[in-house]
Structures are given as structure tokens and as C-alpha cells.
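Chemist:
4 protein chains.
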Amino acid sequence: MTRRDPSDERSGETATLLVTCPDRTGLVAALAQTLYGHGANILDADQHTDPVAGQFFQRIRFETAGLHTDRLTLERAIAEVAERLSMRWRLTYAGATKRVAIFVSRYDHCLVDLLLRHRAGEIECEIAWVASNHDTLQPLVEQFGVAFHHILVTAQTKAEAEAAQLALIERSRIDLVVLARYMQILSPGFLEQCAADVINIHHSFLPAFVGGKPYRRAYERGVKLIGATAHYATADLDEGPIIEQDVMRCSHRDHVADLMRKGRDLEKLVLARAVRWHLQDRVLICGNKTVVFD
Amino acid sequence: MTRRDPSDERSGETATLLVTCPDRTGLVAALAQTLYGHGANILDADQHTDPVAGQFFQRIRFETAGLHTDRLTLERAIAEVAERLSMRWRLTYAGATKRVAIFVSRYDHCLVDLLLRHRAGEIECEIAWVASNHDTLQPLVEQFGVAFHHILVTAQTKAEAEAAQLALIERSRIDLVVLARYMQILSPGFLEQCAADVINIHHSFLPAFVGGKPYRRAYERGVKLIGATAHYATADLDEGPIIEQDVMRCSHRDHVADLMRKGRDLEKLVLARAVRWHLQDRVLICGNKTVVFD
Amino acid sequence: MTRRDPSDERSGETATLLVTCPDRTGLVAALAQTLYGHGANILDADQHTDPVAGQFFQRIRFETAGLHTDRLTLERAIAEVAERLSMRWRLTYAGATKRVAIFVSRYDHCLVDLLLRHRAGEIECEIAWVASNHDTLQPLVEQFGVAFHHILVTAQTKAEAEAAQLALIERSRIDLVVLARYMQILSPGFLEQCAADVINIHHSFLPAFVGGKPYRRAYERGVKLIGATAHYATADLDEGPIIEQDVMRCSHRDHVADLMRKGRDLEKLVLARAVRWHLQDRVLICGNKTVVFD
Amino acid sequence: MTRRDPSDERSGETATLLVTCPDRTGLVAALAQTLYGHGANILDADQHTDPVAGQFFQRIRFETAGLHTDRLTLERAIAEVAERLSMRWRLTYAGATKRVAIFVSRYDHCLVDLLLRHRAGEIECEIAWVASNHDTLQPLVEQFGVAFHHILVTAQTKAEAEAAQLALIERSRIDLVVLARYMQILSPGFLEQCAADVINIHHSFLPAFVGGKPYRRAYERGVKLIGATAHYATADLDEGPIIEQDVMRCSHRDHVADLMRKGRDLEKLVLARAVRWHLQDRVLICGNKTVVFD
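Structure, rendered in C-alpha cells:
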């Protein structure tokens, strides 16, 4: 049942460079020249200049097979250019699979969807473990051969629970935490201390229906489309940078339960796209917005 | 350049009955029996029961050519059933074209779109006149053979302007006022006194970006879809019953001007659908929501 | 992990009447009067008249709790009306769960999606068994507590295999066969003898890319949207009545493997909708087309 | 009523370079270095490598205000690189507005839509003239201040008519011919001799319903979505490279006239996007497919 995208076949010999810096002339040429000069063949390059922020963003995917030098030499050369041009940068080699943790509560649809996509080779990463404030999904998770941590969260134990979660994240060197309909609010302190990126799925078309019970409120407002939003979690609840959104048509015939059913499909699709793009280093943050090179 | 939908060919001999009442058994049978008993042939019937409001809604379109009786007798029979079952009802004969007024400011795209669709036979109504707080669109409107009223609106003249608008609406027996990107806020008093229905197009996916400058705010929030919403105007600004909504994909590459350009297409499509459905008596109001039998 | 839609809560006390007949006046009144006369309360009624075929279609869902008579008496009354008006009709009581068989080959995504939706209460039926020409999916199916039949199909054994499939379908009184990416072509003889309805998912936007390898051909044609189509299987391959279709955007960046990945999501969504609508008696056949009361 | 996108404000000082060549290493670096070396600041760069064709495509938009040299010197440098790397290239300065001719028959919706978008500044070009095989749209076109040529086309006069069209295209140095629902088939000879690019709008989701009467055939097939396709016209009718496609949902309630009405909106949107992208040099041809840098 494991399938891999044929288009990823060369992935072992490619690398992806992400760059953010103040906009100025010569940025594209400087990076292209540096990579070319070391024998790197550019496969894809996307760039964007945000005119308001005055920031430049670039994603370059290149083949490493033809490098004249070793990786360290290449990285030193990039670092030199970056210093000169005030670039923040990150270089990822295709083999270096990211480590992912999934937080859930009782709803299983986003979790199962991610586990299935991972098994099908659609989402390239290592799913290190799943944590939940309930133990109901433990058998399901273990069936997929993934570790499960039951971390109870109550008003009294919240601080303790978050400390345990943070310890797990640090100890297992997690790169990305996916909140797959995790029904607890993470404290600002957690998000500050968490070294991993955190992606959340919100079950509405943000900024509509910020906060709780969005399907019920969508029903009460009588909207004709429902939506879902995947975003980076920040201390400002439901206000983090949006990665992806989508909507589905609904009508007066749809009760709250129908909106929830339709919404589950949206949540799965939107979260999967956001996670996939993040893992492929396609998402850059610009203030409270994202640049997505899809 | 005038085209008519062939599917509307029989329209001269049909009538549409709209009914709203508390839900109870026997409603469908009572109306069907009454219509059949007078020789009316039911072409379409849509119904909906709102479980929260406990209300029943029905739209019946029937042929009048085979009526055994005159219209008055049929209407008396319907009135009798309606009284017995506490129904609010409205019967419209296909020939009785609704009279429409359009309010605009400077943006012309929704106005031109409505005028063109009217000319193409897509929107069956009589466009009685266009009113604007600017005179820039007068030549364009008159080119379509439609009367134009320039009614200046300032903080000082607002009450006076609204009185003039209301007088025009009453004098020309307007059934529907379309706010086609009219940039003035109508006072609660206006909406209370206005005998016509009022449909507004809001340039966002409500309830996201309620209020002014929604495209700028959508840009600043970094949403990945922009939307438009057609709704009945009520005293609560942007809070009236939603008739139709739609969205279009956008990305980090879209500046505010791009969102406005894409949004113009959305506004035209969404407003035209709402106006068309309203004119075909397909929209019923249920509290602050709509039932749309499309 | 089992959830049921709250909106289906009353389902044990409802029934659904499907009617098809030549169009004439008085049809709606006759049925409404008959049901009302026996104490049935109509919850929903949808109807459609096909002007080309001259056929009338109606779906009536009603509560049976208030019936004055027993079911048999009601059915006799309906049969009498039906005879008089040349109606074909089918009455289904909500408790009478349909029995479903799923045919698959190696691709598991549609199968797993249906099994998960069934477990979540989205698809109300009994999944009697899964049959495959490969044994690879047997452990997965059995994990869901569903019987698995491995029926080998080769050029030599095809007739024999189809006989075995037909025997299984008959013996277990299957109402619906779902071809969930079953890669074998069923013979016209099979479809003729099969008492169950058969729904297939085709991985293109029919009638584009009829036949094999639609994703490869979509790639080669350079389309900007890919689609999926759920349809009733008939002897004319890929030509049966279409129940549901949907599309997803693609671009020059998408290779065949990307189209296949995106397509898997489409196939799952489109097939699930079609199966759900069929199981809720929302789909009527009109020549080679469908009427879907969704 | 003339509006211009603020995002185009700097357009007078930018240029766009389109490049196609066999894929090899160093392409990106060579071009970036050449532009940078002459003082050109790259604003946007999109690239694509087609793995099947082994072709490389790039679109670079850059500011010319800071050029150290004159345009001729820059062009000579690009030509030198291009020769070395077997590149086909085209350089367009933002001021050099393309000249467009529109062919129509009787349907006016795509024509009016293009004229309105042009007036609103959405489509940057000069609309040189409109040609039609009917004279019905002459007053409308002239109202927009655009020249109108009535060129009668019959079986007898077709060769003569095409000669007249070609002469007009050549004499007025047309860059792009838009077939805005032009109901005549252009001969292979015309397309061969025509120096301008030719974009057609087909009223179906190609390759479904290739040929005539697609809405009627869509109705007869019972599809659940209708579509429209903008493509470059080639000698193989309806087989040219697809630039853009979109679809709209339909149902059993939609008669042919409803499909035509919905389709008009699709045709307008899809054609306008294709024309806009073409005029902005965002479309490159790769065999019988397109690369669209949108």
C-alpha cells in the first residue's frame, strides 16, 4: 500500500534553499551565480517581492549530484553571500526527512487522513508520535505503527501537560507539530518555547467565525459556503499566518450536522495541502502572511 | 441584441405561489389539492421545513392556462386555505414584471452588468431608473434608455436625499432596490419606510470583513480566497439575510488592486444571481436567513 | 469512532417514495392527497419534469409515525394511484438498510474512504463484503470487520469469475455494487444479470478521456483542470448515467503523478457523494441521465 | 470610467523577457548574470522545466530604469547568451502595447466583456478593430470608439474573406486575434499565413464536446458541470494548446438555455483571463501545451 510519487524519484539528490531578505537589486543574480559556480543545477526557482514589507523571498530547488565541491563549501559560499545581502536562509537536503508530531483530541478524521497520506507517500516526513488529551484514538494510531502519548489536560494540569509536551517535542527533535483538530488552546508560553513550527486547522473560513463552534455559527448566520483554514499557530488565537483555505457550497437544507460532515472533507483537504507544502519548504512567512510557492 | 431564454417561453401562462407558515401536517396536500381542484397544473414545487424555527416554506409554480375558474376565484380559495393554516402567501403571475431601481455611486461594473443582463433577457424585470450620488454614470445609463436621477448625498443633505429617494420609490411603485456598489449607508429609517425589498452586494465573504475596505483588509490578513456576498439590506449593516456568496482563489502575488479586479467579477456574478433568484420569487426569508429554491 | 448524523435521528420513522411517470396534470395532488389521507406527514418533496422525455419525477420523504393505517394499506393505496397514472414507484422505509458490495483491484484510496465514512455514519448501509481480483487488500478490509472475497480474473477465468461474483451478489441479496477503482471491465452479460445497481468511479471529467489512462491523457492534452465522474455502470463503457462530477485545478507544474495524487482526492469525494445520494434514494434515472434531488 | 491598476504604475519602466530552450545547467545563472551586469533589477522570475520535452521556460520581468547601458546593448548581450545556449527569446518593453483584433459573429457577450475590461484598464492593449461576418454589432462596437469591419463569409466568398482579413491584420500590424465566439471555421491556410497569435474561446470543457453545439450535447449527456476553454487556434480544430479552463455546476433542472446562460459567464471569464495572460507575456507554448506563469 506504500506508493511514492515518481516525480520525487530524484529527491535524494536535490536540495532546497529558502531565502528572505530586504529587497535590493542583484539578489537573484548573486544566488544563481553562487549555486552555478559550485556546479548546482537549478531545477525550480520561485521568487516574490512584497512591496509593502519591502521583503524579497526565494525558493530554489537544485540538483546536488553535479556539485564540484562538498556541501560544506557550498554552504560557506551561501553564508557569505547571505551575510553580504542580509539574508536569512535555510538549506534542506532532500534526504533529511522532517520529524512530525500530531496533536489530536477525539475527532479522528484529520488524523487518519494524515496517516493514510503518509502511508501512501503523499506526505514525506517521519511521523514520530501522536499526542492526545484522550486515549480513545490510541488503538487506531498504534495500528499504523506510530507511538501514542496520552497527556491529560485539565485546568489544573494544563501547565504540567504543556511541559510534558514540550519535553517530548525537544527530546524527539520534532520539526513540525500538526494540530489535527486538537481541542485545547495552547498557551502563549507553549508556542514561545516550542522549537517546532505549529500548524493548526480551523474549521471556518477565517477571519469569519474566529473562536469556538464555527459550524453552529455558520448555520445561524445562514452563509452559503462553509470553509476551513490551515494556519501557523501563534499566541493570537486564530490570527496566525494563513497557509491555505478552501470552501464548499451549502444551502438552507444543511443542518449543523451536514455542515460538520461537509466540513470534515474540507478540513482534511486543506490541512493536508498545508502540511505537504510546509514539508516541501514551499511556505515562507512574511509578517502575519505567507508566501506559498505551490 | 435582445435574447430571451426559451425555457421562459410559457412564462405568460404561469404563476408562482410562495407560502410561509408554522410547520404542521397536511400543508402540502392542502395546497396541491386546492390548485388541482381549480385546474392549475403544478410545474415545479420546492419546499423546506426549518427545524429550528418550526417554519414551513413552499414555492409552487403552476400553469394557469387550464384553470377552470377565473384568477379571483382561485385566489379566494388560496386565501381560505391560508387563513385556516396561518399561512403568509404571495401569488405572482408571470406577466406581472417587477419594477427595479438601481442605486450606484462611481463604480460602474455591477451596474453595467445588470443592464447588459437585462438587455440579454437574463433578468426579467423593468429597470425603472438608476439613482446615484454622483453624476458620472448618467451618460452610460441613458445610453441604455434608462432614466437617471442624480441625488446628492452629504452629511447635511442625507435626510433630504433619502426622502427624495423614498418619494421616487413610492411614486414609481418600485418592487426591488438593488444597491450596486452604492457607497452610502442607508439609514435605519430609510429601510423601515422603504416598501421595496433592498438587495446589497458586499465585497467580502461575510461575516469576514464586515464594514469598510474589505479588499484592503483581506490583503492585510493574507487570506487565500476572496469573496462577495449578496444580502438583503437591513438596519444592521452587513448583517442582513444572505442570498448568495462566492469566492475566488488569490495568492501572495495579488496586491490590493488585483483583489479588487478579481473581486469585480465575483461581485457581478453574485449580485446577478441574487437579483435573478429574487425576481423569480425563489428567495424566502426565515429569520435572518434565506431559503433559496434555485 | 462511530458517529451518526443528528439530522438522521428520526430516520427510523420515515419513509421515502420515489415516483417516475409520464407527465400529466394532477400528479402532485394525487400523491399528496393519498399520503395525507393515511396520516403521513410529508417532510420533503422534490419534483422534476423533463420536458424532452415528457417524464415526471418525484421524491417524497414522509413521517410514518402518525399513519392511521398499517403499511400494507398505505402501499395498496399508493399502488392504486400508481396504476391509474402509469407510475413506476418504490417505497423505502428508513430502517431497511441497503446492502452494499465493493469491488476493488489494488488501489485502496476509494475503498478506505468508503469504509471510514461508513464507520463515521456518513454512509448508511451494510457493507456486506469486498471482492477483489488481487488479495493485497484483504488484511485491510478484514481490519474493518468486513468479509473479503479474492476472485481471480484472467482472460481465461473471466466468465467463471463473473459467475462467482453474480452468485455472491444474489446469495447475499446485494442492493448496490460500488466499483471503487475496480480495474476489470464487467461484461455486458454481467451487468444485465446483476440485480443490484452498479456505481463506478471514472478518473476523468467524462466525456473527456473516455477509456484507459485518463490522467496520462489529461497530462498529454495539457488541460488546466482534472476531474472525476461517478456514474451508473452500463454495457456501454463510461457511457452510463452520470450521478456526480467534480474538478480540481492543475497546471504545467503537475506531472502525471501529481494529477494522480490530486485525482485520488477527487475520486474519493465524488464517489462518496454519489454513493450517499444513491443510498438515500435521491437519484432517479431518466434515459441516460440522472435526476439528483440533493 | 477609465481605471488603471495601481500595481501597473511602474509599467513604463519594466521589460519582460521570455525564453525557451533545451534544458541544461547554468541557464538561470547565465540570464540573471547578464541582466544584473547591465543594471537590470529583476522583479519577478518564473521558470519551468518540462521533463518530457526536455525544454526550459523562463519569464523574467525586470526594471529598466537602472540600466547602465542602452536597450540595444542589453539586447545584444541577451542575443549572445541566447545563441550560446540555443535559446529562443522575446523581449517586450512595457510601453509597447500589443495590437488586438477581435472576430465576432452575432453573440455579443464576449465582445462587450472585452471592450468593458479594456476600458476599465484590466486588459492592456490597443483594440485596433472588430471584424464580423454580420453587421448587427456595428453600432455597439462604434459606441466604444472602435473600428468595425463587416466581412461577409459564405461558402463562395470564404477564400476572399480570409484574404481580406489577412490583409487587414497585416496592414494594421495586429499582434493578437481574439475569436470572441466567431462562428466561422478559419482555414488551415489562414492560420498558417496569419502573423498574429490567435486565441479562441470554445464553449465546453475540452476535450469534452469537441466540435459544434457543445451545450446541447452537454445537456444530452447529462453532465453535472459545464465548462469553457480558451486555447490557441491551430489547424486542428479545438485541438490547439489550452490556456485556461473553468467550469460551473449544473443539474437536471438546467435546460439547454440555462446551460447557455451559465456558459456565457464562463466564456467571458475564461477568455478574459487567457487574453490578459497572453498580453502580459505570461503564456509560453510547449508542444501542444502551454506554460502559464500566472
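Those sequence lines, one after another, are chains A, B, C and D.
Note that the working numbering has the first sequence beginning at 23, numbered continuously upward.
Note that the working numbering has the second sequence beginning at 23, numbered continuously upward.
Note that the working numbering has the third sequence beginning at 23, numbered continuously upward.
Note that the working numbering has the fourth sequence beginning at 23, numbered continuously upward.
C-beta atoms are modelled at their ideal positions from N, C-alpha and C, and glycine is treated no differently.
#1: Under 9 Å between C-beta atoms, does D:ILE64 make it to chain A?
#2: Are the beta-carbon atoms belonging to D:THR251 and D:GLN267 less than 9 Å from one another?
#3: Is the number of C-beta pairs between the segment 158-174 of chain B and the segment 198-206 of chain B that are closer than 8 Å three or more?
#4: Check whether the Cβ of B:ASN155 lies closer than 9 Å to any Cβ atom in chain A.
#5: Can you tell me which of B:LEU39, B:VAL305, B:ALA67 puts its alpha carbon nearest to the alpha carbon of B:ALA116?
#6: Please report whether the beta-carbon of B:ARG32 lies at a distance below 9 Å from any beta-carbon of chain D.
#7: Does D:ILE207 come out as helix, strand or coil in the three-state DSSP assignment?
#8: Between D:LEU89 and D:ALA62, which are expected to be in contact by the criterion C-beta below 8 Å, what is the C-beta distance as a whole number of angstroms?
#9: Residues of chain C with CB closer than 8 Å to the CB of B:GLY48, please, in chain order.
#10: In three-state terms, what does DSSP make of A:PRO44?
#11: When Cβ atoms are compared, which residues of the segment 124-139 of chain A fall closer than 8 Å to chain C?
#12: Check for me: the alpha helix (DSSP H) holding C:LYS311 runs from which residue to which?
#13: Hey, does B:PHE231 have any beta-carbon neighbour from chain A nearer than 9 Å?
#14: Comparing C-alpha positions only, which one of C:PRO44, C:GLU184, C:ARG98, C:PRO73 sits nearest to C:GLY59?
#15: Relative to the C-alpha of D:SER127, which candidate in D:GLN215, D:ALA169, D:GLU261, D:LEU159 has its C-alpha closest?
#16: What is the rounded straight-line gap between the Cα of D:MET270 and the Cα of D:LEU291?
#17: Applying a beta-carbon distance threshold of less than 7 Å, which residues of chain D neighbour B:ASP18?
#18: Jot down the residue ranges of each uninterrupted beta strand (DSSP E) in the segment 129-157 of chain D, minimum 3 residues, whole runs only, in chain order.
#19: Can you find a C-beta in chain A that's less than 9 Å from the C-beta of C:ALA142?
#20: Start and end of the beta strand (DSSP E) containing C:GLN72?
#21: Return the chain-ordered list of same chain residues with a C-beta closer than 6 Å to the C-beta of C:LYS180, the five sequence neighbours on each side being excluded.
#22: Would DSSP call C:GLU261 helix, strand or coil?
#23: Taking the DSSP output, what are the residues bridged to B:ILE307?
#24: With 9 Å as the threshold, decide whether the Cβ of B:VAL245 is near any Cβ in chain A.
#25: For C:THR71, go through chain B and note every residue whose CB falls closer than 8 Å to its CB, in chain order.
#26: How would you label A:ILE64, buried or exposed, when you count the other beta carbons within 10 angstroms and need 16 or more for buried?
#27: Hey, which unbroken runs of the alpha helix (DSSP H) at 4 residues or more fall wholly within the segment 207-253 of chain C?
#28: What is the C-beta distance between D:ILE221 and D:ALA142, in whole angstroms, given that I count them as a contact (C-beta under 8 Å)?
#29: Would A:SER273 and A:GLY249 be called neighbours here (beta carbons separated by less than 9 Å)?
#30: When the Cα atoms are used, what is the spatial distance from C:ALA185 to C:SER209?
#31: How many Å lie between C:MET282 and D:VAL152 at the Cα?
#32: In the DSSP assignment, find the beta strand (DSSP E) that holds D:ARG110 and state where it starts and stops.
#33: Would C:THR42 be called buried (16 or more neighbouring beta carbons within 10 Å of its own) or exposed?
#34: Shorter than 9 Å from the beta carbon of A:GLN187 to some beta carbon of chain C?
#35: Verify whether the separation of the beta carbon atoms of D:ARG93 and D:ASP66 is less than 9 Å.
#36: Specify, as a first and last residue, the run of the alpha helix (DSSP H) that D:VAL292 falls within.
Modeler: Result, derived from the coordinates:
#1: For this step, residue 64 of chain D is matched to residue 42 along the fourth sequence. The C-beta of D:ILE64 comes closer than 9 Å to at least one C-beta of chain A.
#2: The count along the fourth sequence starts at 1 and reaches residue 251 of chain D at position 229. The count along the fourth sequence starts at 1 and reaches residue 267 of chain D at position 245. Contact flag set, yes.
#3: With a cut-off of 8 Å, the segment 198-206 of chain B and the segment 158-174 of chain B do not count as touching, because too few Cβ pairs lie within range.
#4: Within the second sequence, the letter at position 133 stands for residue 155 of chain B. So no, B:ASN155 is outside the interface.
#5: Translated into the one-based positions of the second sequence, residue 116 of chain B becomes position 94. From the listed residues B:LEU39, B:VAL305, B:ALA67, the smallest Cα separation to B:ALA116 is found for B:LEU39.
#6: The residue you call residue 32 of chain B lines up with position 10 of the second sequence. Below a pLDDT of 50, predicted positions are generally treated as unreliable, and B:ARG32, at 44, falls in that range; the measurement from the model is reported next regardless. The beta-carbon of B:ARG32 is placed no less than 9 Å from the nearest beta-carbon of chain D.
#7: Mapped onto the fourth sequence, residue 207 of chain D falls at position 185. Reduced to three states, the DSSP call for D:ILE207 is coil.
#8: By 1-based counting over the fourth sequence, the position of residue 89 of chain D is 67. By 1-based counting over the fourth sequence, the position of residue 62 of chain D is 40. Contact check for D:LEU89 and D:ALA62: beta-carbon distance about 6 Å, within the 8 Å limit, so the pair qualifies.
#9: For the purposes of this step, residue 48 of chain B is taken as the residue at position 26 of the second sequence. Here the neighbours are TYR58, ASN63.
#10: Counting from 1 along the first sequence, the entry for residue 44 of chain A is found at position 22. Three-state DSSP puts A:PRO44 in a strand.
#11: Under the 8 Å Cβ criterion, the segment 124-139 of chain A contributes ASP130, HIS131, VAL134, LEU138.
#12: Taking the third sequence and counting its residues from 1, the one referred to as residue 311 of chain C is at position 289. Following the DSSP letters along the chain, one finds C:LYS311 in no alpha helix (DSSP H) but inside the beta strand (DSSP E) bounded by residues 311-314.
#13: Your numbering for residue 231 of chain B matches position 209 in the second sequence. It does; some Cβ of chain A falls within 9 Å.
#14: In the third sequence, counting from the first residue as 1, residue 59 of chain C sits at position 37. Nearest of C:PRO44, C:GLU184, C:ARG98, C:PRO73 to C:GLY59, Cα basis: C:ARG98.
#15: One-based indexing of the fourth sequence puts residue 127 of chain D at position 105. For D:SER127, the nearest C-alpha among the options comes from D:LEU159.
#16: If you number the fourth sequence from 1, residue 270 of chain D lands on position 248. If you number the fourth sequence from 1, residue 291 of chain D lands on position 269. Cα to Cα, the separation comes out at about 11 Å.
#17: In the structure as shown, chain B begins at 23 and stops at 316. Residue 18 of chain B is therefore absent and cannot be evaluated.
#18: If you keep only unbroken beta strand (DSSP E) runs of at least 3 residues inside the segment 129-157 of chain D, you get 148-154.
#19: By 1-based counting over the third sequence, the position of residue 142 of chain C is 120. Put simply, the CB of C:ALA142 is near chain A, with a gap under 9 Å to one of its CB atoms.
#20: As a working note, residue 72 of chain C is residue 50 in the third sequence. Gln is not the amino acid found at residue 72 of chain C; the sequence shown has Asp there. Counting along the chain, C:ASP72 sits inside the beta strand (DSSP E) bounded by residues 63-72.
#21: Within the third sequence, residue 180 of chain C is the residue found at index 158, counting from 1. Correct list: empty, nothing qualifies.
#22: The residue you call residue 261 of chain C lines up with position 239 of the third sequence. C:GLU261: coil per DSSP, three-state reduction.
#23: In the second sequence, counting from the first residue as 1, residue 307 of chain B sits at position 285. BP columns for B:ILE307 point to B:THR312.
#24: Here residue 245 of chain B refers to the residue found at position 223 when the second sequence is read from its first residue. True, the Cβ-Cβ gap to chain A drops below 9 Å.
#25: The count along the third sequence starts at 1 and reaches residue 71 of chain C at position 49. In chain order: LEU65, ASP66.
#26: Here residue 64 of chain A refers to the residue found at position 42 when the first sequence is read from its first residue. It counts as buried.
#27: Runs found: 210-215, 236-243.
#28: To locate residue 221 of chain D, count along the fourth sequence from 1; it is residue 199. To locate residue 142 of chain D, count along the fourth sequence from 1; it is residue 120. Wrong, their Cβ atoms sit about 20 Å apart, outside the cutoff.
#29: Indexing the first sequence from 1 puts residue 273 of chain A at position 251. Indexing the first sequence from 1 puts residue 249 of chain A at position 227. Not in contact: A:SER273 and A:GLY249 (Cβ atoms no closer than 9 Å).
#30: Along the third sequence, read from residue 1 onward, the residue named residue 185 of chain C stands at position 163. Along the third sequence, read from residue 1 onward, the residue named residue 209 of chain C stands at position 187. Their backbone Cα atoms lie some 11 Å apart in a straight line.
#31: Taking the first residue of the third sequence as position 1, residue 282 of chain C is located at position 260. Taking the first residue of the fourth sequence as position 1, residue 152 of chain D is located at position 130. Taking the straight line joining both Cα atoms gives about 43 Å.
#32: In the fourth sequence, counting from the first residue as 1, residue 110 of chain D sits at position 88. Boundaries of the beta strand (DSSP E) around D:ARG110: 110-115.
#33: Position 20 of the third sequence, counting from 1, holds the residue named residue 42 of chain C. Buried.
#34: Taking the first sequence and counting its residues from 1, one reaches residue 187 of chain A at position 165. Answer no: the Cβ-Cβ gap between A:GLN187 and chain C never drops below 9 Å.
#35: Sequence index remark: in the fourth sequence, residue 93 of chain D carries index 71 (1-based). Sequence index remark: in the fourth sequence, residue 66 of chain D carries index 44 (1-based). For D:ARG93 and D:ASP66, no; Cβs fall outside 9 Å.
#36: Start at 1 with the first residue of the fourth sequence, and residue 292 of chain D comes out as number 270. Judged by DSSP secondary structure, D:VAL292 falls within the alpha helix (DSSP H) whose first and last residues are 278-301.
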